[in-house]
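Only one structure is covered here, and it is reproduced in the block below.
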């Protein structure tokens, strides 16, 4: 923030010099260039401050997800597919964990929680879960013998 005030002060001082400079001479041109450069520097600095704040927020989100990630564990379904599930234990709502919610592994590793929903496929006897964020499908039960559906 100190830099912003320094640039602002320089702009004010440069603006005050107009009273002492001949408006058609070389000094006026240089002063005009200096004012333009100072304004551009102030705009760039403001943009960098905003970008820095956004990056700090992004890093905080990553750090928070790393903490929350400890509350989940990978689970292999009978079909050999993997899903994420809430781990029963300290700091986790036991009721939610006991409900058996399963989360998409693809979304989970992109730092996003997406609950898998049952999918009704009438053309096959296999049961599936679907992620409505990334559209991936996960087979629940092992496929019956002779199953030719491509999952």
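In this note's numbering, the protein residues as written are 19 to 169.
Ideal Cβ placement from N, Cα and C applies to all residues, glycine included.
These figures come from a predicted structure and were not determined experimentally.
Assuming residue i contacts residue j under a Cβ cut-off of 8 Å, what Cβ separation, rounded to an integer in Å, is found between them?
{"i": "residue 7", "j": "residue 129", "result": "Residue 7 cannot be examined here, being either before or after the span of the chain that is shown, 19 to 169."}
{"i": "residue 159", "j": "residue 97", "result": "6 Å"}
Taking buried to mean at least 16 other C-beta atoms within 10 Å of its own C-beta, is residue i buried or exposed?
{"i": "residue 123", "result": "buried"}
{"i": "residue 25", "result": "buried"}
{"i": "residue 56", "result": "buried"}
{"i": "residue 83", "result": "exposed"}
{"i": "residue 126", "result": "buried"}
Going straight from the alpha carbon of residue i to that of residue j, what length do you get?
{"i": "residue 101", "j": "residue 53", "result": "59 Å"}
{"i": "residue 169", "j": "residue 105", "result": "Bear in mind that the predicted position of residue 169 carries a pLDDT of just 48, short of 50, making it too unreliable to give a figure here."}
{"i": "residue 27", "j": "residue 72", "result": "27 Å"}
{"i": "residue 87", "j": "residue 70", "result": "25 Å"}
{"i": "residue 121", "j": "residue 103", "result": "6 Å"}
{"i": "residue 157", "j": "residue 92", "result": "15 Å"}
{"i": "residue 119", "j": "residue 155", "result": "15 Å"}
{"i": "residue 44", "j": "residue 31", "result": "18 Å"}
{"i": "residue 67", "j": "residue 94", "result": "45 Å"}
{"i": "residue 85", "j": "residue 78", "result": "11 Å"}
{"i": "residue 146", "j": "residue 76", "result": "34 Å"}
{"i": "residue 58", "j": "residue 65", "result": "11 Å"}
Does the ligand NAD have even one heavy atom less than 8 Å from the beta-carbon of residue i?
{"i": "residue 144", "result": "You won't find the ligand NAD in this model; it holds no ligand whatsoever."}
Just checking: is the beta-carbon of residue i within a distance shorter than 9 Å of some beta-carbon in chain B?
{"i": "residue 146", "result": "Going by chain labels, chain B is absent from the structure shown, which holds only one protein chain."}
Tell me the start and end of each unbroken alpha helix (DSSP H) in the region 39-105 that is at least 4 residues and wholly inside, in chain order. 44-87
Does the region 148-157 touch the region 118-137, meaning 3 or more C-beta pairs lie closer than 8 Å? yes
Could you give the uninterrupted runs of the alpha helix (DSSP H) lying entirely in the region 138-163, keeping only those of 4 residues or more? none
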